[in-house]
Amino acid sequence: MDQPGFLQLMSFGPGGWAPAMLMGAGVTVILALTGFALGACFGVAGAYAKISGGPVARRVADVYTTVLRGIPDLLIIYLFYFGGSAVLTAVGRFFGGEGFVSIPAFLAGALAIGVVSGAQHTEVFRGAFRAVQPGELEAATAAGMSPGLKFRRIVAPLALRHALPGLGNVWQVVLKESALVSVTGTVELLRQSQIGAGSTREPFDFYFAAAILYLCISTLSNLAFRRAEKHYSRGVRRA
C-alpha cells in the first residue's frame, strides 16, 4: 500500500491530521500566552524591586534574575513538574490521602515558563522605565497628578513604548520554550507532531508541518508587536 503524501496527511479529510495539528498549535499559543502573562507579572514586581525597592528587595530581585537566567529552561520545567507533584502528594497524605498526586502538566509548564521569562521581563521593564525622561515625570508632578494617575497616564504608556521591542523578543523566546513542555505530556504542537510521527512513521512530514505552524505563529506575532509599536509611537519623530 502506498504511503500517504504530505498533503494527504495534513488534510482535513478522513485520516488527515490537520485538525489535531491545529489543536496542538492552539494549545501552544495558549500555553505561551499564559506563561508570558505570568512572566510579565513577575517582571513588573522584579523591576519595581530593582528600581524602587529597599536593599533586601533589590538583592532578592538580583538573585532571581541571575539564577533563572543561569539554569536551563528544561530543568526548570522538570523541577516544577516533579517538585509540584511531590508537594501535592505530601499535602494529600497530610489530609489522609494515598498514592501519587500529579500536578497538571499544563499548569506546571505555564508556571515554569512564567518564572523563567519573568527574569527577562524584569530587565526589559527596568530598562524601559530608565528610558523615560525625568523631565516628563517632573512635568506630571508639577501638573498635580497623583502617583496613581501619573503612572497610568505618563509612566506606563512611555515605558511600554520603550519596552515593546524587548517584549517582542521575550515572546519569541517564550513561544519556543513552550515546545519543551512536551516532556510533561502536554499535547501541544511538538507533542502532537511526535504522536503523528509515531502513528504514521512519517516523522519528517509532521515535524516539517510543525515548523510551518511555528513560523506562522511567529510571523503573526511579529506583525502584532509592530502594530503595537506603531500605535504607542504616535507623535514620536524617528531618527
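Sequential numbering from 1343 applies to the sequence shown in this note's numbering. Idealized CB from N, CA, C, for every residue including glycine.
Since residue i is in the alpha helix (DSSP H), which residue starts that stretch and which ends it?
i: R1576; result: First-last for R1576: undefined, no H or E at that position.
i: F1348; result: 1348-1351
i: G1490; result: 1489-1492
Return helix, strand or coil for residue i, following the three-state DSSP convention.
i: W1359; result: coil
i: Q1514; result: helix
i: A1581; result: With a pLDDT of only 49 at A1581, under 50, the local geometry of the prediction cannot be trusted, and the value read off the model is given with reservation. Here A1581 sits in coil by DSSP.
i: M1343; result: Caution is warranted here: a pLDDT of 48 is assigned to M1343, below 50, making its placement in the model unreliable, and no coordinate value can be reported.
i: E1519; result: helix
i: V1529; result: coil
i: R1569; result: helix
i: E1480; result: helix
i: A1367; result: helix
i: G1385; result: helix
i: F1354; result: coil
i: R1495; result: helix
i: G1486; result: coil
i: R1503; result: helix
i: Q1536; result: helix
Do residue j and residue i have their beta-carbon atoms positioned less than 8 Å apart in this structure?
i: T1561; j: G1451; result: no
i: A1481; j: A1501; result: no
i: F1448; j: L1506; result: no
i: A1461; j: R1411; result: yes
i: M1363; j: L1517; result: no
i: A1320; j: F1422; result: Nothing about residue 1320 can be reported from this structure: the residues present for the chain run from 1343 to 1581 only.
i: S1520; j: G1377; result: yes
i: I1372; j: T1526; result: no
i: G1456; j: L1380; result: yes
i: A1552; j: M1352; result: no
i: D1547; j: F1348; result: yes
i: L1522; j: L1416; result: yes
Could you check whether the Cβ of residue i sits closer than 8 Å to any Cβ belonging to chain B?
i: S1535; result: Protein chain content of the structure displayed is limited to a single chain, and chain B is not contained in it.
Counting only runs of 4+ residues fully inside the stretch 1392-1477, write out the alpha helix (DSSP H) ranges in chain order.
Secondary structure within the stretch 1392-1477: the alpha helix (DSSP H) runs of 4 or more consecutive residues, fully enclosed, are 1397-1412, 1415-1436, 1447-1473 (chain order).
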